[in-house]
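Novice: In my numbering, the protein residues as written are 1052 to 1599.
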């Protein structure tokens, strides 16, 4: 067994085009580090609807140039098998973007080389740019596919590989399995042609077109007075967001300078995710210095948006569901027509807002790959800080355009001497107080997640937070409106719980929602107290039921 392991590692080493990972792997082989070699060669990083995501390093279970070249070759073969023209001037175009993480530019260049070698046309964005710029470029340039090299808000040791098809939305089944099969068919990197030239590096005209498109997000003549603090979370959002805000006529955001420029090591945060505890502390400190109307934050690839507001004497993050409701209410007020869509783990409040406004409402599986495909979509969001406010331009979540829209709303309210919190109060009185929270457990051993799901399936809870469970659904069987997915949904009287494994991180996620009726504004404090109590008890009882 150990001889076979060493043989596989040595075979991988001979093909590895990257001096860094060659040296790393050679060291492991020389040290005969069987535990580490087993971890890296026990299988292959699996390609799914999220593409690839994993820790950087040598071997087929890590993100590296060898793995990316195979993934690109598999994607190219899949596109050609689907009838994409290749080998001449009419060849299909693949657009490639990348963030500022370690190795991202190398992975983008390798992808361009593989596409060119396969007879397709390849075009690479000019520098690290927000993921929504890549999603826009696919549609804008009429590409057959796109690749974004990013691990979004994962830890600094990770990188990833996200694939879009020609409609500008992320892949869904069965495309993921088709691409994965082609990746598995790549036997040797020597079989993958990789010329050193032949692809195009795009200029700023694509970015300029994206920025021009952001004009469509705002109402002509709307107030643009709200003052903001902005953090790019050490990612690629700053320049694009500042350009969009200047173009729109908003005051220039006050920057969190320590986090303004790209840094793949994310030195000021434990995890570069605005939702993680401590990640927004520097933004809060900047807000105490500058007294803005709101704080806006992007994650490192700027496809997500976090919003924080002053609540009493201090600042607090709005939940994704709160921002989702605010943007929906703003679009309804502006007369936006079309379908309002959200993932099943997001708040039921969007459905209430849409129903009252006479707009169609659709729930999808988790992820923008599903939300973006809703027929007639006008607005889509998911609770994990993702918002699609211009689906004709970007068929994915977009933290830049969402920042513009929430800042426009804050400006409208400021003109009325009101705040985002005042509007949230109005929404609660009209539709009931919808309070959401999440129980999220990060694990080192993925078997713990499987064990928790198994336990809940075999022994579903009958009461949570002293509320009877009126319906327990195993979503692996699908529903009347949803295809099968690995998840559990519990409906209670005035509450809802969904449990699912994360698709991108080693986490078990439990999404909690309680709805407390509100008669008038004076009822809100008591309703909030009741909601907090229910959410606390739901977390306690669900943890016990899942054994986590």
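Cβ coordinates follow ideal geometry from the N, Cα and C atoms, glycine included.
1) Cβ atoms of residue 1543 and residue 1582: under 9 Å apart, would you say?
2) Under 8 Å, with one C-beta from each stretch per pair, do the stretch 1337-1348 and the stretch 1315-1323 reach the 3-pair mark?
3) Along the chain, which unbroken stretches of the beta strand (DSSP E) at least 3 residues long are found entirely within the stretch 1143-1231?
4) Who are the Cβ neighbours of residue 1092 in its own chain at under 8 Å, not counting the five residues just before and after it?
5) So the alpha helix (DSSP H) residue 1409 belongs to, where does it begin and stop?
6) Can you give the Cα-Cα distance for residue 1615 and residue 1503, rounded to whole angstroms?
7) In its own chain, which residues sit with a C-beta less than 7 Å from the C-beta of residue 1586, not counting the 5 before and 5 after it?
8) Could you check the C-alpha separation between residue 1279 and residue 1589 for me, to the nearest Å?
9) Once the 5 residues before and after residue 1165 are set aside, which same chain residues still bring their CB inside 7 Å of it?
10) Do residue 1291 and residue 1353 come within 9 Å of each other at the CB atom, strictly closer than that value?
11) Where DSSP assigns a beta bridge to residue 1552, which residues make up the other side?
12) Are the beta-carbon atoms of residue 1398 and residue 1380 separated by less than 9 Å?
13) Is it the case that the stretch 1195-1213 contacts the stretch 1070-1085, given that we only count it when at least three CB pairs across the two stretches are under 8 Å?
14) Using the DSSP secondary-structure output, state which residues sit across from residue 1485 in a beta bridge.
15) Using the rule of at least 16 other Cβ atoms within 10 Å of the residue's Cβ for burial, across every protein chain shown, is residue 1493 buried or exposed?
16) Taking Cβ positions, are residue 1411 and residue 1351 nearer each other than 9 Å?
17) Does DSSP put residue 1270 in a helix, in a strand, or in coil?
18) What residue range is occupied by the uninterrupted beta strand (DSSP E) comprising residue 1520?
19) Do residue 1172 and residue 1200 come within 9 Å of each other at the CB atom, strictly closer than that value?
20) Determine the burial state of residue 1509: buried for a count of at least 16 other Cβ atoms within 10 Å of its Cβ, exposed for fewer.
21) Inspect the CB distances between the stretch 1441-1454 and the stretch 1421-1430 and report whether three or more fall short of 8 Å.
22) Alpha carbon to alpha carbon, how far is residue 1153 from residue 1557?
23) Look at the Cβ atom of residue 1293, then the Cβ atom of residue 1303, and state whether they are nearer than 9 Å.
24) Would you decide whether residue 1355 is buried or exposed? Buried here means 16 or more other CB atoms lie within 10 Å of its CB.
25) For the beta strand (DSSP E) containing residue 1368, list its first residue and its last residue.
26) Please return the same chain residues whose Cβ sits closer than 8 Å to the Cβ of residue 1571, not counting the five positions on each side in sequence.
27) Is the beta carbon of residue 1454 closer than 9 Å to that of residue 1335?
28) Is residue 1305 helix, strand or coil by DSSP?
29) With a 10 Å radius around its C-beta and 16 neighbouring C-beta atoms as the bar for buried, classify residue 1233 as buried or exposed.
30) Quick check on residue 1310: does DSSP put it in helix, strand or coil?
31) Give me the residue from 1534, 1527, 1520 and 1430 with the minimum Cα distance to residue 1545.
32) Please classify residue 1361: is it buried, with 16 or more other beta-carbons within 10 angstroms of its beta-carbon, or exposed?
33) Using 8 Å as the threshold, is the stretch 1173-1180 in touch with the stretch 1135-1149, meaning 3 or more CB pairs across them?
34) Hey, residue 1275 and residue 1300 are a contact pair by Cβ (cut 8 Å); roughly how many whole angstroms apart?
35) Please report whether the beta-carbon of residue 1477 lies at a distance below 9 Å from any beta-carbon of chain D.
36) Please determine, among 1541, 1567 and 1429, the residue with the shortest C-alpha to C-alpha distance to residue 1592.
Specialist: Looking at the atomic coordinates:
1) For the purposes of this step, residue 1582 is taken as the residue at position 531 of the chain shown. For the purposes of this step, residue 1543 is taken as the residue at position 492 of the chain shown. For residue 1582 and residue 1543, no; Cβs fall outside 9 Å.
2) no
3) 1144-1149, 1172-1175, 1196-1200 and 1209-1216
4) Here residue 1092 refers to the residue found at position 41 when the chain shown is read from its first residue. Cβ neighbours of residue 1092 beyond the five flanking positions: 1056, 1059, 1060, 1063, 1110, 1111 and 1112.
5) Your numbering for residue 1409 matches position 358 in the chain shown. Careful: residue 1409 lies outside any alpha helix (DSSP H) and carries neither H nor E.
6) With the chain represented from 1052 up to 1599, any question about residue 1615 goes unanswered, as that position is not in the structure.
7) Here residue 1586 refers to the residue found at position 535 of the chain shown. Excluding positions up to five away in sequence, the list reads 1486, 1488, 1563 and 1565.
8) Looking up residue 1279 in the chain shown gives position 228. Looking up residue 1589 in the chain shown gives position 538. If I take the Cα positions, the gap works out to 35 Å.
9) Walking along the chain shown from the start, residue 1165 turns up at place 114. The residues are 1120, 1123, 1124, 1127, 1243 and 1245.
10) Taking the chain shown and counting its residues from 1, the one referred to as residue 1353 is at position 302. Taking the chain shown and counting its residues from 1, the one referred to as residue 1291 is at position 240. In contact: residue 1353 and residue 1291 (Cβ atoms closer than 9 Å).
11) Within the chain shown, the letter at position 501 stands for residue 1552. Paired residue(s): 1559.
12) Taking the chain shown and counting its residues from 1, the one referred to as residue 1398 is at position 347. Taking the chain shown and counting its residues from 1, the one referred to as residue 1380 is at position 329. Judged by their CB atoms, residue 1398 and residue 1380 are not nearer to each other than the 9 Å cut-off.
13) The stretch 1070-1085, when compared against the stretch 1195-1213, does not touch it at the 8 Å Cβ threshold.
14) Mapped onto the chain shown, residue 1485 falls at position 434. BP columns for residue 1485 point to 1566.
15) For the purposes of this step, residue 1493 is identified with residue 442 of the chain shown, where counting begins at 1. So residue 1493 counts as exposed.
16) Here residue 1411 refers to the residue found at position 360 when the chain shown is read from its first residue. Here residue 1351 refers to the residue found at position 300 when the chain shown is read from its first residue. No, these two residues do not count as a Cβ contact at 9 Å.
17) Taking the chain shown and counting its residues from 1, one reaches residue 1270 at position 219. If DSSP states are grouped into helix, strand and coil, residue 1270 belongs with coil.
18) Counting from 1 along the chain shown, the entry for residue 1520 is found at position 469. Note, residue 1520: beta strand (DSSP E), 1518-1525.
19) If you number the chain shown from 1, residue 1200 lands on position 149. If you number the chain shown from 1, residue 1172 lands on position 121. The answer is no: Cβ separation not under 9 Å.
20) In the chain shown, counting from the first residue as 1, residue 1509 sits at position 458. Exposed: under 16 other Cβ atoms inside 10 Å.
21) Flag = yes, the stretch 1441-1454 and the stretch 1421-1430 touch.
22) As a working note, residue 1153 is residue 102 in the chain shown. As a working note, residue 1557 is residue 506 in the chain shown. Roughly 21 Å separates the two Cα atoms.
23) For the purposes of this step, residue 1293 is taken as residue 242 along the chain shown, with counting starting at 1. For the purposes of this step, residue 1303 is taken as residue 252 along the chain shown, with counting starting at 1. Cβ distance < 9 Å, so residue 1293 and residue 1303 count as in contact.
24) Translated into the one-based positions of the chain shown, residue 1355 becomes position 304. Looking at its Cβ environment, which holds 16 or more other Cβ atoms inside 10 Å, residue 1355 is buried.
25) Here residue 1368 is taken as the residue at index 317 of the chain shown, counted from 1. Run containing residue 1368: 1365-1368, per the beta strand (DSSP E) assignment.
26) Here residue 1571 refers to the residue found at position 520 when the chain shown is read from its first residue. For residue 1571, same chain residues with a beta-carbon under 8 Å away, outside a window of 5 residues either side, are 1480 in chain order.
27) In the chain shown, residue 1335 corresponds to position 284, counting from 1. In the chain shown, residue 1454 corresponds to position 403, counting from 1. Taking 9 Å as the Cβ cut-off, residue 1335 and residue 1454 do not qualify as a contacting pair.
28) Position 254 of the chain shown, counting from 1, holds the residue named residue 1305. DSSP places residue 1305 in strand when its eight states are reduced to three.
29) The residue you call residue 1233 lines up with position 182 of the chain shown. The residue is buried, with at least 16 neighbouring Cβ atoms inside 10 Å.
30) Working through the chain shown from its first residue, we reach residue 1310 at position 259. Helix at residue 1310.
31) Residue 1545 sits at position 494 when you count from the first residue of the chain shown. When each option's Cα is compared against that of residue 1545, the closest is 1520.
32) Residue mapping note: residue 1361 aligns to position 310 of the chain shown, counting from 1. So residue 1361 ends up on the buried side.
33) Contact between the stretch 1173-1180 and the stretch 1135-1149 is present, because at least three Cβ pairs lie under 8 Å.
34) To locate residue 1275, count along the chain shown from 1; it is residue 224. To locate residue 1300, count along the chain shown from 1; it is residue 249. 4 Å between Cβ atoms; contact.
35) In the structure shown, chain D cannot be found, because there is only a single protein chain.
36) As a working mapping, residue 1592 is identified with position 541 in the chain shown. Measuring from the Cα of residue 1592, the nearest candidate turns out to be 1541.
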